[in-house]
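Here the structure is laid out as structure tokens; the discussion comes afterwards.
In full-length UniProt numbering, the protein residues as written are 1 to 399.
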């Protein structure tokens with residue numbers, strides 16, 4: 001009898017934690033509104049908690065300030081800071097390395113390095129400003145709340161590429177507390193059994209969806225949501241794993257200048273909406289394109305089957321047989337997979353969420369399809385709809 005009650009209590013506590021997390025995300029989304037009433041409410045809340053016990057309010061005040069300032073803060077680091085560390089790459093995780101700094105006294109500190117190369121024709125000062133903005137927002141708050149690693153700063157330097165000198169930036173993230181053994185989601189797909197529990201799959205899906213939501217809340221589009229851009233840590237104080245979105249090499253502010261440059265790399269196009277594929281994408285990038293990419297990842301997580309195969313010897317990669325054996329185009333195939341076999345492994349409700357993401361740019365999508373409904377200055381409407389139609393529904397699921 002005690003065991004039954006404890007199980008029910010544990011489930012209730014978990015539900016409360018999910019609801020609390022969604023409430024936090026809604027509050028952070030409201031911080032994007034350029035309204036003095038938001039500042040007044042935060043000031044009143046801060047004054048009522050002068051004891052300093054409310055960490056969430058402090059975090060909101062810090063992020064509100066970062067959202068309003070014009071990148072004047074100092075978050076730059078010296079290249080010497082990285083050169084003094086021992087660095088190793090993370091397998092199948094594009095542009096990501098683990099750096100360890102040792103000390104004569106005390107334990108070592110580990111950091112995650114995210115390298116960003118300014119491409120020819122890009123605007124280096126705009127990229128640097130975007131990086132500084134992102135760093136300032138990620139210097140405040142808990143990585144487990146945001147699904148985004150806490151950022152120590154960034155390193156900027158010029159590197160020779162052929163006959164040109166191009167800007168190279170490195171984001172320096174702190175390793176999350178009580179977390180270790182970072183691996184890419186792609187590596188985990190390829191090297192863990194298909195019997196991975198549905199509970200663990202759902203946890204990773206929730207973490208990733210939350211990460212994407214906070215990237216948007218902070219005023220950016222990621223443009224590179226795929227398993228090679230997701231780091232999974234083993235967590236010492238909770239069963240399972242914790243997922244964090246990295247791979248910021250293509251990100252920009254959601255209202256920023258876009259060159260509509262692309263590539264035709266098959267395993268990258270796989271995670272892009274059809275309107276964003278190829279060398280000259282048809283549409284400007286917006287938040288819903290990230291939501292589509294998330295949908296492909298959620299499908300992959302639900303099926304627990306990698307859509308890209310890697311040769312362990314050469315590192316060469318190709319599309320998996322699951323995709324090449326079918327004649328449908330990517331998006332049509334993905335939607336078909338959400339109807340069969342995804343419900344058999346993750347249930348109808350999870351499959352419906354994935355289909356919502358994959359069809360979010362379709363005019364007949366009742367949740368996201370009306371483009372005019374999201375033409376607000378602060379990007380709050382699409383963010384609120386995302387919380388309601390994706391995060392809340394994922395939070396209600398149990399496996």
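Even for Gly, the Cβ is constructed at its ideal location relative to N, Cα and C.
Remember, it's a predicted structure, so these values are computed and weren't measured experimentally.
With distances taken between CB atoms, is the gap from residue i to residue j smaller than 9 Å?
{"i": "residue 399", "j": "residue 344", "result": "no"}
{"i": "residue 90", "j": "residue 102", "result": "no"}
{"i": "residue 223", "j": "residue 290", "result": "yes"}
{"i": "residue 292", "j": "residue 226", "result": "no"}
{"i": "residue 357", "j": "residue 294", "result": "yes"}
{"i": "residue 230", "j": "residue 297", "result": "yes"}
{"i": "residue 299", "j": "residue 338", "result": "yes"}
{"i": "residue 332", "j": "residue 390", "result": "no"}
{"i": "residue 159", "j": "residue 81", "result": "no"}
{"i": "residue 167", "j": "residue 124", "result": "yes"}
{"i": "residue 364", "j": "residue 385", "result": "no"}
{"i": "residue 243", "j": "residue 147", "result": "yes"}
If residue i sits next to residue j, beta carbons under 8 Å apart, how far is it from one beta carbon to the other, in whole angstroms?
{"i": "residue 301", "j": "residue 183", "result": "15 Å between Cβ atoms; not a contact."}
{"i": "residue 215", "j": "residue 245", "result": "7 Å"}
{"i": "residue 235", "j": "residue 179", "result": "5 Å"}
{"i": "residue 276", "j": "residue 175", "result": "Contact flag wrong, Cβ pair sits at about 32 Å."}
{"i": "residue 75", "j": "residue 135", "result": "4 Å"}
{"i": "residue 253", "j": "residue 219", "result": "6 Å"}
{"i": "residue 185", "j": "residue 232", "result": "6 Å"}
{"i": "residue 319", "j": "residue 305", "result": "No, residue 319 and residue 305 are not in contact; Cβ-Cβ is about 12 Å, not under 8 Å."}
{"i": "residue 397", "j": "residue 342", "result": "Not really, about 13 Å apart at Cβ, beyond 8 Å."}
{"i": "residue 392", "j": "residue 288", "result": "18 Å between Cβ atoms; not a contact."}
{"i": "residue 138", "j": "residue 169", "result": "No, residue 138 and residue 169 are not in contact; Cβ-Cβ is about 14 Å, not under 8 Å."}
{"i": "residue 100", "j": "residue 108", "result": "5 Å"}
Going by Cα to Cα distance, which pick from the options is closest to residue i?
{"i": "residue 115", "options": "247, 123, 188", "result": "247"}
{"i": "residue 212", "options": "149, 105, 160", "result": "149"}
{"i": "residue 78", "options": "106, 104, 152", "result": "152"}
{"i": "residue 240", "options": "250, 207, 253, 135", "result": "207"}
{"i": "residue 273", "options": "127, 335, 314, 113", "result": "335"}
{"i": "residue 309", "options": "133, 395, 187", "result": "187"}
{"i": "residue 132", "options": "143, 242, 155, 360", "result": "155"}
{"i": "residue 394", "options": "210, 104, 88", "result": "210"}
{"i": "residue 93", "options": "359, 249, 350, 330", "result": "249"}
{"i": "residue 268", "options": "330, 88, 145, 193", "result": "330"}
{"i": "residue 122", "options": "165, 141, 387", "result": "165"}
{"i": "residue 228", "options": "371, 95, 370", "result": "95"}
{"i": "residue 129", "options": "251, 144, 99, 162", "result": "251"}
{"i": "residue 144", "options": "177, 163, 351", "result": "177"}
{"i": "residue 350", "options": "326, 198, 161", "result": "198"}
{"i": "residue 97", "options": "142, 140, 181, 141", "result": "181"}
{"i": "residue 266", "options": "307, 286, 217", "result": "307"}
{"i": "residue 371", "options": "194, 313, 286", "result": "286"}
Which two residues bound the contiguous beta strand (DSSP E) that contains residue i?
{"i": "residue 156", "result": "151-161"}
{"i": "residue 249", "result": "Note, residue 249: premise wrong, no beta strand (DSSP E); not H, not E."}
{"i": "residue 230", "result": "230-235"}
{"i": "residue 171", "result": "164-174"}
{"i": "residue 98", "result": "96-101"}
{"i": "residue 113", "result": "109-117"}
{"i": "residue 88", "result": "86-89"}
{"i": "residue 415", "result": "Missing from the structure shown is residue 415; the chain here goes from 1 to 399 and no further."}
Considering residue i, what are the terminal residues of the alpha helix (DSSP H) in which it resides?
{"i": "residue 190", "result": "185-191"}
{"i": "residue 130", "result": "124-138"}
{"i": "residue 145", "result": "143-146"}
{"i": "residue 80", "result": "79-83"}
{"i": "residue 269", "result": "266-269"}
{"i": "residue 349", "result": "348-358"}
{"i": "residue 200", "result": "198-217"}
{"i": "residue 339", "result": "330-339"}
{"i": "residue 296", "result": "287-303"}
{"i": "residue 277", "result": "Unbroken run through residue 277: none, as it is neither H nor E."}
{"i": "residue 393", "result": "392-396"}
{"i": "residue 449", "result": "Lying before the first or after the last residue shown, residue 449 is absent from the chain, which here runs from 1 to 399."}
{"i": "residue 381", "result": "380-386"}
request  = Would you be able to state if there are at least three C-beta pairs under 8 Å between the segment 116-125 and the segment 185-203?
outcome  = no
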